Every structure is written in structure tokens, then in C-alpha cells.
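One structure below.
Residue numbers (our numbering), protein chains in the order written: chain A, 515 to 827; chain B, 241 to 529; chain C, 20 to 356; chain D, 1395 to 1919.
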């Protein structure tokens, strides 16, 4: 297992990154054009009401003070109040986040289930008809935008065959698996195309590696050669890739949540953007950044668990 | 001197041999053909589209594919084929403009940072860390949200995020090239840093960047059409594949051609870019490592 | 060198290994026959691409990607060629072990050295976990790794290059094989370490009565270590014989070229001198002698007629149409020097 | 024989009554797919349509809007306006109860009305601006007014005067009214309307449960509502909402895009309801002498605005945008609004007349106009494309400028536009709201157009204190005529509320003001 000092060092690295992230978010919300007060007011509001809203949002304070307020509030978990939903941003995000995390994990799982076995089949017989077919299908998958995959699945599997519900979110775990199958699959198809590509390449590389030849020369059973020597080594780069594609995954859930009416943070982000709900946009962007950082961190930990060479801090 | 410094890839015979090898690969030929056709459609939609893409024809609403309208008509009687063809202009533009500035900025920054290293490199590293912490689409739509929807704003938003990826790639390549003999020779001969970077290091570092650019153009189409679909990219009535699919969204079962045809166009074009990109990646990969 | 005639353990007859399409195969090893006796170290020499590594891998049936092996590989009288994977697996590692050229890449970087030794024991012995551990320590001790007990939990990257090669040998020796196939075991190591490893192999062969096939392109290594030598070129054997005879009195133009071009007063570990021209590629082998294109004494028939490996003195075989001319040619050059 | 006939008749009549009573079935639940979620359903704080269209489901008002737009009794048995127009008396029904079983009394009414007219709280307090004091004596409620207000009766039937339980509300946690309101709502409020809120998952779903203590009887004589439960799911995407309906996952879907009305109407499992609404789609025209950038504004001339109106073929727009579900505007307000006057569609398509008017205005040579549309809106894109094609023969070069909603609001406020699209639906069952918004300069510069007509403004002010209904009606007729002639708008069309409902559900209504009324909905088993 990775050492504690390694973990600490890795955690410390996050701090300056996060400070920058906060500055980015803050600046980009404040310095660009558009008056949040008008965005939140009804068309019918008077100028005095607008002034009051600006005051309530702290928009009449100087920028550095606003930033300080932003940082201290954020650290205490206070992301302000949503203009659109009239509730604390933290609270809104916390109610919506589990859905998105569920969806993301679900699609990663589907993607691995799809890409894993196929990558093995393809790598076992490089350039065979099967390999070429698998690669071509996934190449097409890579060229399809997530929203389009979603629409196709929606039309065929939900609207016509009625195998799955058209959208929404379930009430129990199993119900969720059923409801979120199509949205998860739309993201998974794209993600699995990336995984397949990478896993196939690293499997081919590992299968040819000297240590696998050596393991075979030792007379080990194919099963042990496969699991202990091939799979584990091929996994290292795939785990890295999975970690790095978390951004893609989040982007994908944003689209798929919109297409399938899944009440997660992705759809919330779009709604917030259309309503110019600045506190909510700010909070959500930060949430996404935290999510991605956590996944990067987890990836590092898993990687250093898999690969002893990475354990030195 | 010139022997030491000349980058080998510039020799014409090598270029010819390279093109020969490229065209002997079926995947490259298919990809190249798709791209060539796409570019032709993007450049001359007025010659190739049978109808005005914007003209309403209330007598021909939502007609299925026929000889007169091979891709059918939409809910205003507009010819879907013509709209798909005109959309090539917008989408191919997206592929180009959403990436070219990111490439130029990223390569320049990456080259300088990679060559000089030091404090600039450290700051750059931190910025990269911070930017890749945001999911790409989230950051892009957040920027679009603040700037307002539309194509130009979308280019700005994508460029603002995307240059980082080019810069990171270029930096790594330049760092690798920096230690080579010809770079040292350039320094000994007293060439300016700029000349060493742009005349000697970059030409040798450029091939993985070009390969990435190809893939990135495919990604830009995916991203641009997604934004169009979400109402943040190209704006109706302009024809853009994502917008066309969004228009057909309400008629998935009754007028499937409205969303299917632009979808096929996206997949084909994306495939064109990635086939060419993959083939180039294979061909340009250094041998014997 | 032992004077007593020992039994032949490995007898390879007309070995042919090919790749690619059956209609237009790439032949990597063609018509190779040789024997190895118990306790004997056979050197298999040649330039890279001459087919020596593939010969070794053909013996164990681990030729990738999917090579086809033909001919006979008689291991203690039993032919290995027709055996299936399961049967071959009982031979691999247990009776015939193999070590590879790159100690860096041949050990799995993600697994502890202890596990990599004991998985071999688990596959071929009935030892329990505790006994396997004891045996692993013993093996590491035997190959000269200090503080062996403490190093079982270490990973390959925590060892130096030479130590890694020792670890690999320890793994190979785990189940007391009777034949060790060593594929350029010292090429990646620096000179002092090379020496130590070769001495280790020699000692093990002597002490355990284990036969060794040592593949190398270094004549010095052969001279120092091997009892007999077989020279390969273009996937075929050109000359075999006792080491001293072949080095002192080479007959094939290729061996002659290899040896005679080395100035006598230089230490024997000098790398092979490159004979003018390049070795032929597998898809451009002539029907006749593979060395024709680079041979100084080649006649018109050499290109089309394959010379047989013919007896040339006690225990010696040479495959050449023009042995005399070759001798004269190289003697003249030597005289000129 | 003579005796038999009445008996037979009576039997037949009884049978008829029995069948119509039998036709309604009680119990069960329906699932309703909404386009957006409510945030806080509170009479005072509701400010977005998804909030305020739900309020009357939970909170009953003293008076109600009848099906024909007239005012009918609600919690109050009736109302009595004093002759001087300065006070109103209302008597509450006997035995009224909140959903928790506690009695609904005059004190609750005073509490609710005081809250509703407190300008510190919600955006709607102005509607009760004329009220000086609300007081109660048992079931007798009296409102005294500062000045006569002809709209007050309508306001007492408007969502913002819904009656809330004083005791339960004050018990809710929170330092101020706003926090209390949220806590009260989140906890599943005690209500006076047909339903209570059982559960809610923000952004995803909400469940209304039957209020057993609701006062109003159904056709079977027992109290409403018929349904035990209404489940709401939030599906913002139009196509997904409809797919869910077609798949039978929901029983009704609101805001059906007009493009799909025909298709869903033909679906044998569905009823395509087009509820008359007060919703109008129009385009404010900047009438100021100069544009924001200082250049001369050709649209300042009423003749030019009239010309553009004549040059616009509304029927084509209605076909393109509303797929023939809309109607041309006949006045500044929708035909479903009280005191509407408009015998025929305004500015029927007449390109010759348009041309002539432009000649008269000296702009026969053409000019350039910018049309500001909402980015991402397909309807706006269609409107623009159609208008561009309709106006180009007149030499009007229409340019498009796409902005998002807040930017459009900003441009409207600052007068930085030529023409832009806008929509409106009444919140109150009285014409004063829409008339003030669209035409009264002192309110919002006549919906940002800068149109400032002295006569219109004076009439509007006068009508707001006019107690004589007949005179008020005259004043409104005059205002509508002046407005139509001044043409500060491009008059486009009225649209209905399109809701598709499963054939198994009956009686759901969306009122002209937009309110979702489930009180008389029922489900056939």
C-alpha cells in the first residue's frame, strides 16, 4: 500500500491547484459582462429592487473583499443562495449530486464491462476479422456525440421497444439501475471506445512483454499468466486513462442528464446557465472541480497500489 | 553545418515516400476521401445543395425521403439534404476555428515553456493542473454562458480551454528535442533562441501535434454540435448538425430523417478525421523505440 | 572439458520455424539440427536476426506471434513438437528452464521477487507456502544475492541489473531443470557483472549437471564458457564443433570472417566484427547458401544449391561448398597482415 | 295514468342524475409531467410560473374565478362592496377546516391578507395597494380601502391572496418570514386548497395528496378532489416529456410544442387539450426618436410601425409557429381577458397598404431594422426567418441579433433595441395588469417601447379607480383602440396552453391564467 507520507504529499499538492481554481471561478463569474441582478429579477422589477438584489449578493463590495468572502464562505461550506431555486447552493448540490455520481459510476461500470472482454478478444487475435470488426464499431462510437447516442437509444430502446423508461430517476436502487440504464449506456459507449482502444494496445504490448514470455517459459498455467502477469500490468495504464477521462465522463453526464431528464448536477448546470444563476454556476463549477480532483487523487492511489515503482514519494 | 541542423522530414523524397505509404493504407484512403468530400461540401454548398436551406415551403412539410428530397423535408418544408450540406460549412469551420487558435497559442506557449523551463514552467504546470481540473464541456459551457451563445463565443470558449492541451504536448516534445545534438549545435553557432525553437526544434516536434490536431478537429465537431444541440452553439435558423438534430428532436418517431441525416453527417466526418489521424499517428510514430 | 562421453539429452533434428502466411512463409529457422549432452554448455552464436533466439523459443514452444514449429525436438527421447500446451507446460520451467536477455524487462515489475520465485515452485512442486519461501531464500543464496531473506519482499526495480539477472537465474533454477536455455543473458550487463554471471552459469552447470544452451553474439563469451559451439547465419547452421577447434580452426567463410577479422592480440571479449554488407532479411533468403551475398569465395552454385552440414573432422560439421578456397582466402589475408 | 307520468319522468331524471354521478370515479392517482419544478409554492413568494400556477392547488382564495371568467364565491360565501367603493365585506362559510383539521377562521384570513399586502415580502404586494386595513369578527371579514379599486374583487380570487393557517405558519422555524415560509413549505404545509404536499424531491418530483377537509363539493355531493394523489415529474425536455406520455409512464404532459399538437391529437390513447389562455406573443417596437446609439430611429413614426404590422402575415406566422393552434391578436390583450375589446384581428395582412404607409413616412426606399431574438429559441428563429422574407419586398432589411434571456431583459429596460420578441400571460383575472405592462408609460415605459400617449395614460389612471363597471368598460375600449392605432407592438398572436392527457384521465383544467387545476380531475378505472 502507498505510504502515508505519499498520500500527504499528494494532498498538499492539491492546495495550490485549488487556490487557482477558486481564483479562476471567481474572476470568470465577476469580470465578464452581464448583470446577475437583472438575471435574477423578474422583468417586472423596479430599479430599486435591482439595487437591493445587488446589495444582497454582495456585488457592491470591492473585488478583493468579494474574493475573500468567497473563499471563507466556500471553506465553511457556504456557497451562497441560488437565485433560480431560492435555496442554499450547498443544499441543492448535495441533493442532486448522488444522482450524478450514481450515473457516473454506473456508466464507468458499463464501459468496463463492454470494453474489457472485447479488448481481450481483439488483442488475442491482432488484425483478425474479429479485431478489425470490434475496432471499427468502436471507432464509429468514438465519432458519435453523446447526445446523439442518447437520442438513438432513447428512440429505439425506450420509445419503440419500450425496454427501458424514457427518462427520469427511480425510487430504489434496482429501479435506478433500470431508469438510468440508457443514460449510463450513452456515456458508456463513448467511454468504452476510449478504454477499448487503450486496453487493446496495452494488452498487445503486455502480451509481447519479456516478463510474460518469461512467465510462460516458467510453465505457469495460462490462467495465472493472464491474471497475475497480463491483466494486472495492462490495468495500470487503463486505470490512468479512466482517471483522466473523468472530465469526459462528467461532460457526458451533463449531456445525457439533459437528454434523459435525469435530475443530477449536470442538468442543473445547464439550467443554472440558462437562468444565469451565478451563485449556482459558481458552486457547480467548484463541485465539478472537486469531483475531478478527488478522482485524480483516487487514480494516483490505485496506481501506486498497482505499481510499486510509483510508491516513492 | 546544414547537415547537422537540417531536419530530416523536410526532404522532398521522404515526403513523397510518406504520401505513398499513407495512400497504401485503406483506412487512410477512406478517411482522406471523407475529408476531401467534406471540405468540398463546406466550400461550395451553394453549388451542391439542391435547395435554399432557409426557404420555407409550407406545401411540403415533413415529407419523407424521396427523389425530390433525398433526405426528406423538415417541419417548415425545408430540404433536409440542403440543410445538412450547408451545415458542412458551419461544422467544418468549427473543426478548424475551434482548434487552430488553440494550436497556435498552445504550441507557442508550450515551445517557450519547454525550451526555457524554470519559473515559467512551474507556473504553467500549476495552470494546467487547475484547468484540467474542470471537465472540458463544463468549462466551455460556463464560458459560453457568460459570453452568451453563438459561434464566435463558442470558439473563444473552446480556445480558452483547449490551448492547454496543445501547450502540454508541445512542451513535452520540445523538452525531448532540446537535448538533441542539433539543438546544441544551434546554440554553439550562436543562433537566437527564437530561431532554434521555431526553425529547428519545432519542425521536429510537430508531428505528434499534427496527429493530435486531427483528433481534436473531430472532437471539436462533437463538442460544437453538442453545444448547438444544447442551444449554446450555432443558432437557428442557421444549419448546423447539432441544431438540426435538436430541431428533429421532437419528431424522432414521425420524421426520423430530420435527426438521422445530420447524425450520419457527424459520424462520417468524425470518422474521417479520426481515420486520417490514426493513420498519421501510425506513420509518424518513431520506429525502433 | 569432460572427457567421458555423456548421454545426449536434447536432440534437435531438422528444426524449421516459420511465421506469417502458410503460402508465403517467413522462415526464421531452417533445417537446424544439433545435440546437447547432459552437463554440456553449447554456445549458439550469430548476428542478431540469425534465428538463434527463435531456435531457443521453439524448443519451449513459446514463439510469438504464433510461429509454426516443424521437425523434431527430442527431449530425452520424447518429441516436444507435437505436444499440446498442457503437456509442454509440464516440461517448461520444470525440466527445461529459460532466462532472457533483458533482466530489466523480464521480471514483472509489479510483483515481488519472492512471489515470482515461489509461483514457479507452486507450479512445479508440492511444497507448501513455508517450504516455498525457504527454497526461495536458498535459491537467492545460491545465485549470490546477499541477505536473501530480507529481499523476498522487494520489487525488481529495487535490484541492480546484475542482481536482477541473478534473480532470473534463481527463478529458472527453482525446480532443478536439466537444461537451461540462456538467451543472451549477459548482453545487457556491464563487463564485470557479465563475468560474474557467466561464472555462475558455468558453476551451476558443473555442480548440478545441468545442460546449457547459451545464445550470444559475443565470441569472447563463447570462448570463455562453452564446451561446444554452433554458428548460425540466416536461420541456418553453418558450423558446429568443440569450442577450441572452431575458434582455433574455423572452416566456414562466415566463421572465418567472424574470427579472423579480430586482431589476435585483442582481448577475446571484443564484439563481433561486422562483415561487409548486412545479414539478409527473412523474406529475401536465397535458395542456396544464405551467406552467398557477403561471401568472398562464393561460386555460382552457392546461390542456388544449399550446402549440407557435412562432417569435417572429429565432432565437427561445416556447411560450405568452398571450404578450401575459404581457408586459402583467409590465410592469405592473415599473411598480409 | 296521469300520476304515472311524473313518476316515470322522475325515474328517468333520477337515472340521468345517477349516470352522470356514476360517470365520475373517485380515488386513484395521476402522474403529470411538468416542464419545470416549483421552488417555493407560497402565495406571497411565488414569482415564477411553475410556482404561482401551483399555489391555488394548495391554498384556496376567498373568491374564485368561475369557468366563464366571472368571479364566484370561494372560502367566502359572497362579497359585498360598499356603495362608495371604500370597503368590502365577506362572510366565510361555516365549518371550514385546514388540512390538519384545525378551523379556518377570520384570523387566518387577516393574517394571510396582511402578509400578501406587506411590500417587504413578495413581489405581488402592489396588487393589494389600495387596502388600508383587513379585520375580522368571527367569520365576518372586512377590508377597508384607501381609495376605490375596481380590481380588488379579482385580486381576492388571485393566488397571492390564498389563505394560509396563521398558527401553523408561525410555528415554523425561521428568523424571518421568508425563512419561515421555506421551512413551512419544506415540511409539507398545512393547506386550505384541494391538496396538500406529501413529498418533494427538488428538481425531480413532487406529490400532492388529497386534502380531506377541502370544502368544495363535487358533482356527487361529496367534497372534492376526486383524486387521492397527483404525482408530478419534472421533464424539461419537450420531446422526452412527450415520449414519456406516449410510453404510458405519465398521464399528462404540459407545454406540448405546437408542432406536435396534430400528431398527439391523432393518437387514440390521448386527448390533446388546447386550453384558452391569456398568453400573447408580441414584439415591442422601440418608438423613441433616436436609437440608443444616437442614430435616427425610423420606427419612431407610427406609420412605419403600422406598415410593418400590415406587412406581417399573421396567419402564416400562426401556421409556422403555432401550427394553427394560435389566433391573431385583436387587441393589446388576449380575447380571454376581462374587458377585452377587439371585433376583428388587428392589421390584417396588406402589403400594398404597408407600402403606401411607408411612402407616406418617406421611407419608400427601405431601411434597416434589427430583430433581437432569444438564442436557442426555435420559435424566434422561425419568426425572424419568416419576417425577413415578408418584409424584404418593402425594402426593409431585417437583421438578426441573438441574445440570451437576461440580456434581452437588459436591452428592453435600457431601450437598446429595434424590435424584439416577448411573451406575456396574465397573472390576475383583470385587464389592468396587462394594460399597465404594455401601455402605461410610467410603469415600464410601455414594455420598454418608450411609447408615451397622454390620453392613454390618463385613461389608465382613471380606470384604476373607476367603480362603475360600465364606465370602466368604456375606458378600456378606448384604451385598446388608441393602443392598436399607435402600434407600439408588432401584434403577433395568442396561443393556447397545450396539454396532452391520457384518455383515462378526465377533468384536468389549465385556467386562462395558467393555473394547474386538478381539483375536478378524475381517473376512469
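Just so it is clear, CB atoms sit at the ideal spot from N, CA and C, and this is done for glycine as well. The structure displayed is predicted, hence computed values, not measured ones.
CB of residue i within 7 Å of CB of residue j, strictly
i, j, result
"residue 1655/D", "residue 1892/D", "yes"
"residue 731/A", "residue 117/C", "yes"
"residue 779/A", "residue 619/A", "no"
"residue 314/B", "residue 498/B", "yes"
"residue 822/A", "residue 273/C", "no"
"residue 108/C", "residue 79/C", "no"
"residue 46/C", "residue 254/C", "yes"
"residue 1459/D", "residue 1823/D", "yes"
"residue 1890/D", "residue 1649/D", "no"
"residue 1906/D", "residue 1672/D", "yes"
"residue 535/A", "residue 370/B", "yes"
"residue 247/C", "residue 99/C", "no"
"residue 201/C", "residue 158/C", "no"
"residue 293/B", "residue 329/B", "no"
Integer-rounded CB distance, given that residue j should sit under 8 Å from residue i
i, j, result
"residue 454/B", "residue 503/B", "About 22 Å; that fails the 8 Å criterion."
"residue 135/C", "residue 207/C", "Actually they do not touch by this definition, with Cβ atoms about 18 Å apart."
"residue 1817/D", "residue 1854/D", "Between residue 1854/D and residue 1817/D the Cβ distance is about 22 Å, and since that is not below 8 Å, they are no contact."
Range covered by the beta strand (DSSP E) that runs through residue i
i, result
"residue 178/C", "Per DSSP, residue 178/C belongs to no beta strand (DSSP E) and is neither H nor E."
"residue 233/C", "230-235"
"residue 257/C", "255-261"
"residue 1589/D", "1589-1595"
"residue 1793/D", "1790-1797"
"residue 35/C", "27-38"
"residue 1459/D", "1457-1459"
"residue 1473/D", "1470-1475"
"residue 687/A", "Premise fails: residue 687/A lies in the alpha helix (DSSP H), 687-693, not in any beta strand (DSSP E)."
"residue 1467/D", "1465-1467"
Per DSSP, the bridge partner or partners of residue i
i, result
"residue 1666/D", "1894/D"
"residue 1917/D", "1899/D"
"residue 806/A", "According to DSSP, residue 806/A bridges with nothing at all."
"residue 1676/D", "1816/D, 1885/D"
"residue 326/C", "Per DSSP, none; premise fails for residue 326/C."
"residue 62/C", "233/C, 248/C"
"residue 1761/D", "1790/D"
"residue 1534/D", "1485/D, 1531/D"
Span of the alpha helix (DSSP H) around residue i
i, result
"residue 251/C", "No alpha helix (DSSP H) contains residue 251/C, which is instead part of the beta strand (DSSP E) from 247-252."
"residue 681/A", "Element bounds for residue 681/A: n/a, residue is neither H nor E."
Open item on the list: Whether or not the stretch 1871-1879 of chain D and the stretch 1674-1684 of chain D are in contact is what I'm after, with contact meaning three or more pairs of Cβ atoms, one per stretch, closer than 8 Å; do they touch?
Closed with: no
Open item on the list: Under 8 Å: do the stretch 1704-1718 of chain D and the stretch 1727-1746 of chain D share three or more Cβ pairs, one atom per stretch?
Closed with: These segments touch.
TODO: Tell me, please, whether the stretch 1550-1561 of chain D touches the stretch 1501-1520 of chain D by the rule of three or more beta-carbon pairs shorter than 8 Å.
DONE: yes
Open item on the list: Pairs of beta-carbons, one from the stretch 642-650 of chain A and one from the stretch 720-731 of chain A, closer than 8 Å: are there three or more?
Closed with: Contact between the stretch 642-650 of chain A and the stretch 720-731 of chain A is not established, with fewer than three Cβ pairs separated by less than 8 Å.
Open item on the list: For the stretch 1791-1809 of chain D against the stretch 1762-1775 of chain D, do three or more pairs of beta-carbon atoms, one drawn from each stretch, fall closer than 8 Å, so that the two count as touching?
Closed with: The stretch 1791-1809 of chain D, when compared against the stretch 1762-1775 of chain D, does touch it at the 8 Å Cβ threshold.
Open item on the list: Quick test of the definition: if touching needs 3 or more C-beta pairs under 8 Å, does the stretch 1684-1701 of chain D touch the stretch 1744-1751 of chain D?
Closed with: Contact between the stretch 1684-1701 of chain D and the stretch 1744-1751 of chain D is present: 3 or more CB-CB pairs across the two stretches fall below 8 Å.
Open item on the list: Across the stretch 802-817 of chain A and the stretch 636-644 of chain A, are there enough close Cβ pairs to call them in contact, namely three or more that are closer than 8 Å?
Closed with: A contact is defined here as three or more CB-CB pairs under 8 Å, and the stretch 802-817 of chain A fails this definition with respect to the stretch 636-644 of chain A.
Task: Segment contact flag, the stretch 1602-1618 of chain D with the stretch 1579-1594 of chain D, C-beta cutoff 8 Å, min 3 pairs - done: yes
TODO: Decide yes or no for the touch test of the stretch 57-73 of chain C against the stretch 320-327 of chain C: beta carbon pairs closer than 8 Å, at least 3 of them.
DONE: no
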